[in-house]
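Heads up: the structure comes next, in structure tokens.
Number of protein chains: 6
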Amino acid sequence: MLLVRSSDAKRLVLADRTGTLEAAARGDVAAGSCVRVAGRVEARGRLAITAVRDAAEDEYVLDDLLDGPRIPVERMEADLRELIATIQCDHLRALLDAVFGAGTETWELFREAPAAKRYHQAYRHGLLEHSLTVAQSVSAISATFGGVDRDVAVTGALLHDIGKLDAYTSDPLAIDMTDLGKLQGEIPLGYYRVRRLIEDLPGFPTDLAVAVLHIILSHHGQLEHGSPVVPCTREATLVHMIDNLGGKLGSFDRLEKELPDGSTWSGWDRVLGGGAWFGAAREAA
Amino acid sequence: MLLVRSSDAKRLVLADRTGTLEAAARGDVAAGSCVRVAGRVEARGRLAITAVRDAAEDEYVLDDLLDGPRIPVERMEADLRELIATIQCDHLRALLDAVFGAGTETWELFREAPAAKRYHQAYRHGLLEHSLTVAQSVSAISATFGGVDRDVAVTGALLHDIGKLDAYTSDPLAIDMTDLGKLQGEIPLGYYRVRRLIEDLPGFPTDLAVAVLHIILSHHGQLEHGSPVVPCTREATLVHMIDNLGGKLGSFDRLEKELPDGSTWSGWDRVLGGGAWFGAAREAA
Amino acid sequence: MLLVRSSDAKRLVLADRTGTLEAAARGDVAAGSCVRVAGRVEARGRLAITAVRDAAEDEYVLDDLLDGPRIPVERMEADLRELIATIQCDHLRALLDAVFGAGTETWELFREAPAAKRYHQAYRHGLLEHSLTVAQSVSAISATFGGVDRDVAVTGALLHDIGKLDAYTSDPLAIDMTDLGKLQGEIPLGYYRVRRLIEDLPGFPTDLAVAVLHIILSHHGQLEHGSPVVPCTREATLVHMIDNLGGKLGSFDRLEKELPDGSTWSGWDRVLGGGAWFGAAREAA
Amino acid sequence: MLLVRSSDAKRLVLADRTGTLEAAARGDVAAGSCVRVAGRVEARGRLAITAVRDAAEDEYVLDDLLDGPRIPVERMEADLRELIATIQCDHLRALLDAVFGAGTETWELFREAPAAKRYHQAYRHGLLEHSLTVAQSVSAISATFGGVDRDVAVTGALLHDIGKLDAYTSDPLAIDMTDLGKLQGEIPLGYYRVRRLIEDLPGFPTDLAVAVLHIILSHHGQLEHGSPVVPCTREATLVHMIDNLGGKLGSFDRLEKELPDGSTWSGWDRVLGGGAWFGAAREAA
Amino acid sequence: MLLVRSSDAKRLVLADRTGTLEAAARGDVAAGSCVRVAGRVEARGRLAITAVRDAAEDEYVLDDLLDGPRIPVERMEADLRELIATIQCDHLRALLDAVFGAGTETWELFREAPAAKRYHQAYRHGLLEHSLTVAQSVSAISATFGGVDRDVAVTGALLHDIGKLDAYTSDPLAIDMTDLGKLQGEIPLGYYRVRRLIEDLPGFPTDLAVAVLHIILSHHGQLEHGSPVVPCTREATLVHMIDNLGGKLGSFDRLEKELPDGSTWSGWDRVLGGGAWFGAAREAA
Amino acid sequence: MLLVRSSDAKRLVLADRTGTLEAAARGDVAAGSCVRVAGRVEARGRLAITAVRDAAEDEYVLDDLLDGPRIPVERMEADLRELIATIQCDHLRALLDAVFGAGTETWELFREAPAAKRYHQAYRHGLLEHSLTVAQSVSAISATFGGVDRDVAVTGALLHDIGKLDAYTSDPLAIDMTDLGKLQGEIPLGYYRVRRLIEDLPGFPTDLAVAVLHIILSHHGQLEHGSPVVPCTREATLVHMIDNLGGKLGSFDRLEKELPDGSTWSGWDRVLGGGAWFGAAREAA
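Chains as they are written, first to last, in my numbering: chain A, 939 to 1223; chain B, 939 to 1223; chain C, 939 to 1223; chain D, 939 to 1223; chain E, 939 to 1223; chain F, 939 to 1223.
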């Protein structure tokens, strides 16, 4: 039983939770459907399909077919609440509650959302996984280097990708950018959402708002990557770099899952700017 | 009587409405002050100062010292209201009234604001002059090429730089970027302002809002120039290109004013990516 | 009845005047031929061909199959002559007559030529359409911004792409670059042609020649786009920017024609550096 | 009592441990000397010197004039030994002992060396401070993201800049690149040093050597930054990103020290690609 | 009888010594095998295969199928020894003997190795052909320009690509990068090999070593091309430029062999940054 | 007795044939004049001027003050005529005679012209020196690599920079770009000149003309360096690369002349993209 990840004129990509398989293109399967496939795996891990049919709804459990986070969502939610509880500043905690509070509309969306369309954590709960690991890392190293305001940095890390709620569809079978995402960009969308929320929080200090909003706006690090401003504070620099690191390590995870048996090198990858080598890791295991 | 445009360790730049003069650096004059100067003009139009003192307040009229638009501000205001009256769509006219309506706070600021810190129309009323000429040009050619929604394009042209109200200080003696301008960027600031205004306009169609906001967000044309998205509509493309054209032609105006007598070439200019040649123009005059 | 626009190992592109259709690659149809096709349109507007045969010569009228300008060629020719008549300077009018005069060899070629191989106005009369709309726009806004020599700018706008007469083949069924186009470039070819013509016009002022030739040489705007010099005059800047605008808006026209029914987004486009959105336009219609 | 950091035709830069001051250029002071200065601080924190003379050797303690790490060197050495003790793999610990073992020639050099000529930690013990904080951060977050071999990553982090021992002079008064540094590059120099050491360690596993050497070679992240290969492993990616982060945060430290009283913005900085803002931080303090 | 150069999901590339042919992809032939093919050549030189089978070992001589150098290997070896004999400096000749001396392990590898995986001289003896022609050209023009140390330049030219011995597999049927080549880069590998050899040559002058090693490290000319340092000496500049020239001319050779009959233009080529034109050359022949 | 090479607000550059000296800026000396100077050389080879006065015309011989070629002009002219005599093709020799024939206007200009304003061979006879050495090198290596048409390559090498006759002023005291050079570019100017000459040579084969003109147009190698087309033939590639090499080696010559005694490194150089090292060369001498 496999999920059809994509189906175009060039090839068919099939997947379940444990990995993906490529096959020759065919006209009779639609992206986003679940199919039962017979065939054999050929050289370079390519699947030669001998028969294929749509699966009936009672033949599969969707979560078994979809890729997902390493850690169960309940555990991630608990970790998130624990991290928020360590924030000392009342204003920032109030802002985080307005976004992540149990029962808020934002939280319902955030919990389910993917982190991307393709490159890393492109699956259900991916946004939560990505934001949480970035915030945990930021928290872990905020004391190693001097002068970092940990509360601001962790808050910015948790909120940096909030614009993806508007910029991506959340259907796990067909993650895509929305019209708003393409026409306004995830960064302005997140900036608007958080600035609008802060406007309604009484007594929120202006400088604190500026510090948090600057993290959201600058977190892509460079203008050519879609940030209208570059990071000008230690906290914004920290979140940008750890976000970037998280995205790259997430790409290693994805490439390792897609790696055919016996291979130690992935193909050229856009995020890494090269191939990924799993030679040493494998022998170490 | 001259205004001190800048005074640093390298040189002194003095100006009145008709042009600028450079002189050697001196420690006793402050940028933004008005001074009475004695001296002579040397080779390459450089001023050799023999005496200088601060001018008394009753010795000068500030507007005579400041650079300004080609056309009187009252005439530009009338042209603006005339152009707005040609907009057919009630929603867009309502939006423009909310921004440019006589008596609104936005209009008071917009009328006075400069268009930039340095490169073009860096003077009082400069933002009005720039926005108006861009909108007039957009209006003039919107019919030459097919498929352009003139109402949307003209509205976007008038609003495209509205974020400069927050991104620049308005003191004509010391135009500078604000902290907000540096930390959030003029494009997100303008986007927030207009989206927030539209939120309060009853029944404003979503697609119309998207079309106008997309013009503001994309008007720098490329990510590396600070637009978080590139132009995806004919109207956004039109406003971006004419805005760009207006900026470049404004640079020719500035360079021509600064040109020493007898020169036909300006120095290398960042906006133009080269020097400006005034050889043919002069002989034609 | 459809014209085979291209036929390679990947896909077949079929077109008539109203748009294009893609189909799977097949070995039995040649690019540039006219075919009669039976089949059905599938998902994403792709054509599934069930039968195809070459059309007989009496089965079709070529002009019905070819894409073409929005406005009839006779009307464009009249508009061109009208625009030339507004040029005040006798020398420039003489130059334009030498190029566009009825009966000259250049005019015969210019009237038929395409404006490009692929991106915009890649059809018969495309070069006339493109040059005319650029010149009309230049004329329309030359007064909005100060200091522009309208005669020089309009002349440069009409002549800027004249090198395409040598750089492209004119067969509307197989528009391609010539060896000269690839080995010498359309800009040097146009420069040579106009400079050589001016050499034979008695008393043509040197500065006027320099001003017009500079527009041709610099109209791609940047060295990396094939202009050996960047625009150094207001007129060259104006023609470059409006030429660029015309090319981008021409791409919107092409993308809209190719858009499958029901789609609001084109694919990524090299000229636009992104996708084109036709969502708002459609609902407005 | 101030140290002359640089003295050229443009300006004089004076410093002690707490910060730097600029003054007008003068011909009578040499870079690297200690001087006694009389004068007053003017606008923008610039020093107007009224008298200056060379200090006698008994008038100052060099360490009071030099910038240095936040943490005492003895404490950093203890932290380093503690971190090395956490490495599980005997081969890697042997390699680290060969480099950092008390009494080795490498350790004597490493303990004193600066991390850079100008941008960050350009002072005595700077290389130790930089390598240690990068390795501590790598250690702290190696468990947050999955699949990282902590031993390899921490070893690579400690060794990544080892080539600076050959590429920089160690005189704290005149940190500069050596001829070897300019002609061979710090990365090949470090690679040679470590590969040569490993050659002499009996039984060092090839794959482990490859994994560590790859971190050194790729730690600048991109070819255009001087790495002959890009990071292809999780560990190399991690070290590259945290090294980069450490360099940027080190620039914030330097810029904050140089910031004139009353300023909240530094000037444009090459490492950050923009200015640094200390507005929020100051008010928070 | 043809050698299968590559076989993937897109196409099959077949070759013998005289050139290459493309055909449609098929699943039953493996890259690196020799096959007997029946079929016909279609438009654009594409092969339509009607039958294909693996060739028996006694059906072909491998050297007839493989591309190779213009000049026999014995002649190239003699030319190399003759060139080395012209080196005046004993130390450099000793170094060259250590690398190219008959019977050394390095020479055995060097004589067989290809110069690249794809772009130029990607065949047996290709590295010898490339290094020799570069060194001969360097020798031929070292006197035309002043100030060049011919001995150093010729030595550097012969050794510049020595790292390819470690960076590429030598199997002429499947030239590929090794893990070491991908993880360490051919330039650091060559640098290590030569520096390690020099370490064992008694009395080798330091400056001479620095001059030769600098040529190896900088011969790609720019950081973004994988050189950790740029050429800082006349000799390094000379070797870099002639190496580059040799690579480009080698690409012309490859493109000419692949050119279908009747064509005068190759396709776009990555090395040349454009197409290659063989129009004039052919008519001249 | 020294020639004032440049005199601006920052510094004074003085020179004679053997090298250059910098001094502090002063207002009383004009660029291009000859002055008698008293003073002493300070640290870093900077001149501290104690007295300066304009030299009388009978106090100096201009050629002693000006930098110049390594080889006397008469010898270069003889070498040029000898090289031209080796061209086998009558058409190409006729073209070269039309340009370089004794008594032609072109030859009079060419013999005197500088090769550049600043970077290499920026002195009288510099264009002849540069063109001749490039052509000699092209001739020397045209047989090493296969497939090169030597006649075409050498002709192109001699003519490649011919546009500099129009693009630069020839006054050796004030080499500068002309208006034509800035507005049309040296490459189109050279292209026009040679194409116009060929037009008047009876029976000149079209393909030969195309091959030579392509060398002129493409010799800067890339669009961003001002060539409207990239090299598409072996001959154009060869001339481009050797021209480039000649320019870089010419920069080494200039930097070595400017090097203060005792220095082994030049400053950062735009042409080289780094500093030049003269350490090994000096010790070798």
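C-beta atoms are modelled at their ideal positions from N, C-alpha and C, and glycine is treated no differently.
Keep in mind the model is a prediction, meaning the values are calculated, not measured.
Per DSSP, the unbroken alpha helix (DSSP H) holding residue 1011 (chain C) starts and ends at 1011-1023.
Along the stretch 1109-1120 of chain F, the positions whose C-beta sits under 9 Å from a C-beta of chain B are 1117, 1120, read in chain order. An exposed status is given to residue 986 (chain A), since fewer than 16 other beta-carbon atoms sit within 10 Å of its beta-carbon. Using a Cβ distance threshold of 7 Å, residue 1214 (chain F) and residue 1183 (chain F) do not count as a contacting pair.
Look at the stretch 1159-1170 of chain D: the residues with a C-beta under 9 Å from a C-beta of chain E are 1160, 1161, 1162, 1163, 1164, 1165, 1166, 1167, 1170. Contact note: residue 1098 (chain A) does not reach chain B at a C-beta cutoff of 8 Å; the least C-beta distance is about 14 Å.
Among the residues of chain B, those whose CB is under 9 Å from the CB of residue 1217 (chain D) are 1117, 1121, following chain order.
In this structure, residue 1089 (chain E) and residue 1027 (chain E) form a Cβ contact; the two beta carbons are roughly 5 Å apart against a cut-off of 8 Å. Between the beta-carbon of residue 1103 (chain E) and that of residue 1044 (chain E) there is about 7 Å, and that keeps the pair under the 8 Å contact cut. Nearest in C-alpha terms to residue 1152 (chain F), of all of E:979, E:1216, E:1066, E:1036, is E:1216. Going by C-alpha positions, residue 1132 (chain F) is about 31 Å away from residue 1081 (chain E). Our two residues, residue 1061 (chain B) and residue 1055 (chain B), have alpha carbons roughly 8 Å apart in a direct line.
Short of 7 Å from the beta carbon of residue 993 (chain B), and not among the five residues preceding or following it, lie these beta carbons of its own chain, in chain order: 939, 972, 973, 974. Contact between the stretch 1155-1164 of chain F and the stretch 1145-1159 of chain E is absent: fewer than three C-beta pairs spanning the two stretches fall below 8 Å. By the rule that beta-carbons nearer than 7 Å mark a contact, residue 1150 (chain E) does not touch chain D. When the five nearest sequence neighbours on each side are left out, the beta carbons in the same chain lying within less than 6 Å of the beta carbon of residue 1072 (chain D) are those of 1095, 1180, 1181, 1184, in order along the chain. Flagged as an interface residue toward chain E: residue 1172 (chain F), by a C-beta distance shorter than 7 Å. Our two residues, residue 1218 (chain C) and residue 1128 (chain B), have alpha carbons roughly 21 Å apart in a direct line. In the three-state reduction of the DSSP assignment, residue 1081 (chain E) falls in the coil class.
Partner residues in the beta bridge of residue 950 (chain C), as assigned by DSSP, are C:945, C:961.
Unbroken alpha helix (DSSP H) runs of no fewer than 4 residues, entirely contained in the stretch 1048-1118 of chain A, are found at 1064-1079, 1088-1097, 1102-1105, following chain order. Within chain B, not a single residue places a beta-carbon under 7 Å from that of residue 1094 (chain C); the smallest gap is close to 12 Å. By the neighbour-count criterion, in which a residue is buried when 16 or more other Cβ atoms sit within 10 angstroms of its Cβ, residue 1005 (chain F) is buried. Under the DSSP assignment, residue 1150 (chain D) falls in the alpha helix (DSSP H) whose first and last residues are 1144-1156. Residue contact with chain D for residue 1143 (chain E): absent (no Cβ-Cβ distance below 7 Å to any residue of chain D). At least 7 Å separates the CB of residue 1014 (chain B) from every CB of chain C. Using a Cβ-Cβ cut-off of 9 Å, residue 1129 (chain E) is close to 1122, 1126, 1129, 1130 of chain D, given in chain order. Assignment of residue 1210 (chain B) by DSSP, reduced to helix, strand and coil, places it in the coil class. Not a single CB atom of chain C sits nearer than 7 Å to the CB of residue 1030 (chain F). In the DSSP annotation of this structure, the continuous segment of the beta strand (DSSP E) that includes residue 988 (chain D) starts and ends at 985-992. Taking each of C:1190, C:1092, C:967 in turn and checking the Cα distance to residue 1209 (chain C), the smallest one comes out for C:1190.
Against residue 1133 (chain E), the close residues of chain D are 1130, in the order they occur along the chain (beta-carbon pairs closer than 8 Å). Its Cα nearest to that of residue 962 (chain B), the residue B:945 stands out among B:968, B:945, B:953, B:1031.
Per the coordinates, the alpha-carbon of residue 1058 (chain E) lies some 28 Å from the alpha-carbon of residue 1031 (chain E). Close partners of residue 1048 (chain B) in chain C (Cβ separation under 8 Å) are lacking, with about 20 Å as the shortest Cβ gap.
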